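In the numbering used here, the protein residues as written are 65 to 357.
Let me begin by presenting the structure, written as structure tokens, before commenting on it.
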């Protein structure tokens, strides 16, 4: 979910809000596959509650949409892989003793509810107030219960989110698992660097980070992707800031973190999948992991 939409203008069925619904459609699609890498039992509920006219199917055999089958297949298959990769990051960290997690710009993600967490785990999730209000309202209607100590923090990430997080009970002395999924492409370079400086400041030794990285320029400049954004009611060039940015490896290693990354295709292969050979996914997207000694 983009942090570029102010909380007082955010709308679930227009602009950046639709990106969260499209991602939920991808998770619903993956969940319906017989060989699903992950299952999100709530993803389709968000689409029903919002009643959007999305130009994508939410099941593998759903009706055709106005986004090309080839592009949506690549995107939805990738979203299934991405979700599982970051699910595993969180559950592996919990298994290794981390009990505090922060999900940044969480969108319609439901990991505090759908993953199995050890006793004593606390999950904070930050996003725009209306994002969290909509999501938690749907989850309440479903009777969903968090499987951890779940703390939503309604906050625009361009504001003083670190203070809001601490005020909500975040403990800077405990190792933390940080997740930035589907966020960084929407941040200007200076905002991205400030985000990781704040994460570094708040992180105790043993903390770890997982992030999705994407080359913005090729995606924003792709005609088919722009047309698909238009079909969703999104003007992608206004959501994806241009300009040079320092690589995440350089940012985090300069702060003393150990860093590694793999391409989206490499992530898929570790899960026994092969993504469709669409370079917009296989060449432009990677998954980064870092740990603070």
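Backbone N, C-alpha and C define an ideal beta-carbon position, used for all residues, glycine too.
Note that the coordinates shown come from a computational prediction; the quantities given were computed from them, not determined experimentally.
Distance between beta carbons of residue j and residue i, contact taken as under 8 Å
i: residue 90; j: residue 144; result: 7 Å
i: residue 339; j: residue 141; result: 6 Å
i: residue 94; j: residue 147; result: 7 Å
i: residue 370; j: residue 236; result: Outside the displayed span of the chain (65 to 357) sits residue 370, for which this structure offers no information.
i: residue 280; j: residue 138; result: That belief does not hold up - the Cβ atoms of residue 280 and residue 138 are roughly 18 Å apart, past 8 Å.
i: residue 188; j: residue 215; result: 5 Å
i: residue 190; j: residue 217; result: 5 Å
i: residue 283; j: residue 303; result: That belief does not hold up - the Cβ atoms of residue 283 and residue 303 are roughly 11 Å apart, past 8 Å.
Cutoff 7 Å; reference residue i; Cβ partners in own chain excluding five residues on either side
i: residue 154; result: 165, 175, 179, 241 and 243
i: residue 255; result: 222
i: residue 350; result: 277, 325, 326, 327 and 328
i: residue 354; result: 272, 273, 316, 321, 322 and 323
i: residue 184; result: 163
Bridge partner(s) assigned by DSSP for residue i
i: residue 218; result: 191
i: residue 179; result: DSSP lists no partner for residue 179.
i: residue 167; result: 189 and 243
Residue i - DSSP class collapsed to helix/strand/coil
i: residue 250; result: helix
i: residue 128; result: Any reading at residue 128 must be qualified, since the residue scores a pLDDT of 46, below 50, and its modelled position is unreliable; no value is offered.
i: residue 324; result: strand
i: residue 276; result: strand
i: residue 162; result: coil
i: residue 213; result: strand
i: residue 337; result: coil
i: residue 353; result: strand
i: residue 244; result: strand
i: residue 238; result: coil
i: residue 204; result: helix
i: residue 89; result: helix
i: residue 224; result: coil
Residues near residue i in its chain [Cβ-Cβ closer than 8 Å; skip 5 each side]
i: residue 202; result: 106, 109, 110 and 113
Inter-residue spacing [alpha-carbon to alpha-carbon] between residue i and residue j
i: residue 86; j: residue 136; result: 10 Å
i: residue 259; j: residue 227; result: 13 Å
i: residue 278; j: residue 186; result: 29 Å
i: residue 219; j: residue 168; result: 10 Å
i: residue 159; j: residue 321; result: 21 Å
i: residue 98; j: residue 318; result: 43 Å
i: residue 192; j: residue 84; result: 12 Å
i: residue 210; j: residue 171; result: 16 Å
i: residue 134; j: residue 311; result: 30 Å
i: residue 156; j: residue 182; result: 11 Å
i: residue 173; j: residue 88; result: 8 Å
i: residue 337; j: residue 253; result: 32 Å
i: residue 213; j: residue 266; result: 20 Å
i: residue 200; j: residue 239; result: 27 Å
i: residue 332; j: residue 233; result: 36 Å
i: residue 257; j: residue 150; result: 21 Å
i: residue 292; j: residue 285; result: 12 Å
i: residue 288; j: residue 299; result: 13 Å
i: residue 341; j: residue 347; result: 9 Å
Contacts around residue i, its chain only, beta-carbon distance under 6 Å, and the 5 residues preceding and following it disregarded
i: residue 308; result: none
i: residue 103; result: 95
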